[in-house]
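To keep things clear, I will list the structure first and then write my remarks on it.
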Amino acid sequence: MCIFWFFTGAIPYGAENATRHQQNSLQQFRALSDMGSTTIEPHILEAMISFQGSLPQYIAQYMDEYNWPEVRRKHFNHLKELISKMNGTFTGIESSIMGPTTSPLVHIIRHGQSLHNIERGYPHRDPPLTDAGHEDTKQIKISAVPDLIVISPMTRTIQTAMNAFPSIGSAPNGTEVQIWPDLREAHDAICNKGISRADISAKFPHLNFSECPEEWDHPPHTTDAATIRAEKVRGRLKELSKVYNNIVLITHRGFIAFLVKGDRYDVCETRSYRFGTDDETEEDSLRFGVNVDTKAQQDFGPTLLVPHNPQKNLNA
Numbered sequence: 001m002c003i004f005w006f007f008t009g010a011i012p013y014g015a016e017n018a019t020r021h022q023q024n025s026l027q028q029f030r031a032l033s034d035m036g037s038t039t040i041e042p043h044i045l046e047a048m049i050s051f052q053g054s055l056p057q058y059i060a061q062y063m064d065e066y067n068w069p070e071v072r073r074k075h076f077n078h079l080k081e082l083i084s085k086m087n088g089t090f091t092g093i094e095s096s097i098m099g100p101t102t103s104p105l106v107h108i109i110r111h112g113q114s115l116h117n118i119e120r121g122y123p124h125r126d127p128p129l130t131d132a133g134h135e136d137t138k139q140i141k142i143s144a145v146p147d148l149i150v151i152s153p154m155t156r157t158i159q160t161a162m163n164a165f166p167s168i169g170s171a172p173n174g175t176e177v178q179i180w181p182d183l184r185e186a187h188d189a190i191c192n193k194g195i196s197r198a199d200i201s202a203k204f205p206h207l208n209f210s211e212c213p214e215e216w217d218h219p220p221h222t223t224d225a226a227t228i229r230a231e232k233v234r235g236r237l238k239e240l241s242k243v244y245n246n247i248v249l250i251t252h253r254g255f256i257a258f259l260v261k262g263d264r265y266d267v268c269e270t271r272s273y274r275f276g277t278d279d280e281t282e283e284d285s286l287r288f289g290v291n292v293d294t295k296a297q298q299d300f301g302p303t304l305l306v307p308h309n310p311q312k313n314l315n316a
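Numbering (the UniProt record's numbering), first residue to last: 1 to 316.
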């Protein structure tokens, strides 16, 4: 009979053998799941159930592929279905594989202090962070570990991301990063214009700028165009939230005002949001409001981001 151990600090005697057994079971389960098998041998399911809270450590150490959420989700759903069919216990597996079962969150961050923030009329494209901006962005914290970071293709937003989440520039299996041109600022001042794809790629060669145009030739800003762009971004985020649980979005003050209702963001400020329910989307008081930047009434839907209030969720 095989005894399964859990991580409680020191590794108990015999844990190495149990660990190897569980590793093999995980590998067998992954292979069978990838082949679409509808039956899994009982001893494999028992091993999977036995992981419980220690599953993340095994995955992190032995199964690097599980850094990608879509793989975790596929295997998690398959495992849940199989265990349900055999009336097995599912306690702990969901949180171990998928993380918290709360609604997906979007954490919006405004970039740190940049040269144009302290020098009015800054005459150059794509200003970088100031020294103070670099220091401040290193202190940025969010309430969860991100599994996707999306960034405006500007030096100041990319520097903010690299300072706040330093692993994105080095770890081969680190957090996924995407560069979205639609996250650019919502005004036409020279400081809000970026540089060519070749130039920004040369500055940050570890990032993928394939979505960016070869030259910074976006159409001039209009309120209507920014409103449409904001809805496009919200819709894309909602689609991605089917796979990712904690998405970090790093962008600019003016564009944030089109994305979400609320007070104006300060530099480095971070706020978390969830997607509105169908009922909330139909509620005018949530969906419509004043754009803090333009001072005009705006529709912040139909894809709605509402402030995440964990205290409210705890007391619900």
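All C-beta atoms in this analysis are idealised placements derived from N, C-alpha and C, irrespective of residue type, glycine included.
Beta-carbon within less than 6 Å of residue i's beta-carbon, same chain only, minus the 5 sequence neighbours each way: which residues are those?
i, result
"Asn-246", "Leu-105, Ala-144, Pro-146, Asp-147"
"Pro-127", "Ser-114, Leu-115, His-116, Cys-191"
"Ala-132", "Gln-113"
"Gln-178", "Val-150"
"Gly-88", "Because the pLDDT at Gly-88 is just 43, under 50, the model does not fix this residue reliably, and the point stays unresolved."
"Val-233", "Asp-182"
"His-308", "Leu-105, Ser-272, Tyr-273, Arg-274"
For a quick check, are the C-beta atoms of residue i and residue j less than 9 Å apart?
i, j, result
"Cys-191", "Leu-115", "yes"
"His-252", "Leu-183", "yes"
"Pro-166", "Cys-212", "no"
"Ile-149", "Ile-256", "no"
"residue 378", "Tyr-273", "No answer is possible for residue 378: it lies beyond the span of the chain, which begins at 1 and ends at 316."
"Cys-268", "Thr-157", "no"
"Tyr-265", "Arg-120", "no"
"Pro-302", "Thr-281", "yes"
"Ile-118", "Thr-155", "no"
"Ser-103", "Ile-250", "no"
"Arg-229", "Phe-258", "yes"
The alpha helix (DSSP H) spanning residue i covers which residue range?
i, result
"Gln-159", "155 to 164"
"Ile-118", "115 to 118"
"His-134", "131 to 137"
In terms of DSSP beta bridges, what is residue i paired with?
i, result
"Phe-275", "Leu-305"
"Ser-241", "Looking at the DSSP assignment, Ser-241 forms no beta bridge with any residue, so it has no partner."
"Gly-289", "Gln-298"
"Ile-190", "BP columns for Ile-190 are empty, so no partner."
"Arg-110", "Thr-251"
"Thr-227", "In the DSSP output, where bridge partners are listed per residue, Thr-227 has none listed."
"Ile-149", "Val-177, Val-248"
"Thr-270", "Ile-109"
Could you give the first and the last residue of the continuous beta strand (DSSP E) run that contains residue i?
i, result
"Glu-176", "176 to 179"
"Asp-299", "297 to 299"
"Arg-197", "Not the beta strand (DSSP E): Arg-197 falls in the alpha helix (DSSP H), residues 197 to 203."
"Thr-251", "246 to 251"
So, under 8 Å CB-CB, residue i and residue j are touching, yes? Tell me the CB distance rounded to an integer number of Å.
i, j, result
"Glu-214", "Arg-197", "5 Å"
"Gly-254", "Ala-186", "4 Å"
"Thr-223", "Ala-296", "7 Å"
"Leu-286", "Leu-304", "6 Å"
"Phe-275", "Lys-238", "6 Å"
For residue i, I'd like the list of residues in its chain whose CB is within less than 8 Å of its CB, leaving aside the five on either flank, ordered along the chain.
i, result
"Gly-289", "Lys-261, Gln-297, Gln-298, Phe-300"
"Thr-137", "His-111, Gly-112, Leu-129, Gln-159, Thr-160, Asn-163, Ala-164, Cys-268"
"Pro-220", "Asp-188"
"Arg-125", "Ile-190, Cys-191, Lys-193, Gly-194, Ile-195, Trp-216"
"Asp-263", "Val-292"
"Thr-294", "Thr-223, Ala-257"
"His-218", "Pro-181, Arg-184"
"His-134", "Gly-112, Gln-159, Asn-163"
"Glu-231", "Gly-301, Pro-302, Thr-303"
Any beta-carbon of chain D closer than 9 Å to the one on residue i?
i, result
"Asp-126", "Among the chains in the structure shown there is no chain D, since it carries only a single protein chain."
Please go through the same chain and pick out, in chain order, the residues whose beta-carbon is closer than 7 Å to the beta-carbon of residue i, but skip the five residues on each side of it.
i, result
"Trp-216", "Lys-193, Gly-194, Ile-195, Ser-196"
"Arg-140", "Residue 140 is actually Ile in this sequence, not Arg. Around Ile-140: Ile-109, Ala-164, Cys-268, Thr-270."
"Thr-91", "In this predicted model, Thr-91 has a pLDDT of only 40, less than 50, meaning its place in the structure is not dependable; the value taken from the coordinates is given anyway. Nothing listed; no residue qualifies."
"Tyr-122", "Leu-115, His-116, Cys-191"
"Ile-168", "Ile-149, Ala-161, Met-162, Gly-174, Thr-175, Val-177"
"Leu-240", "Leu-148, Ile-247"
"Thr-227", "Phe-258, Gln-298"
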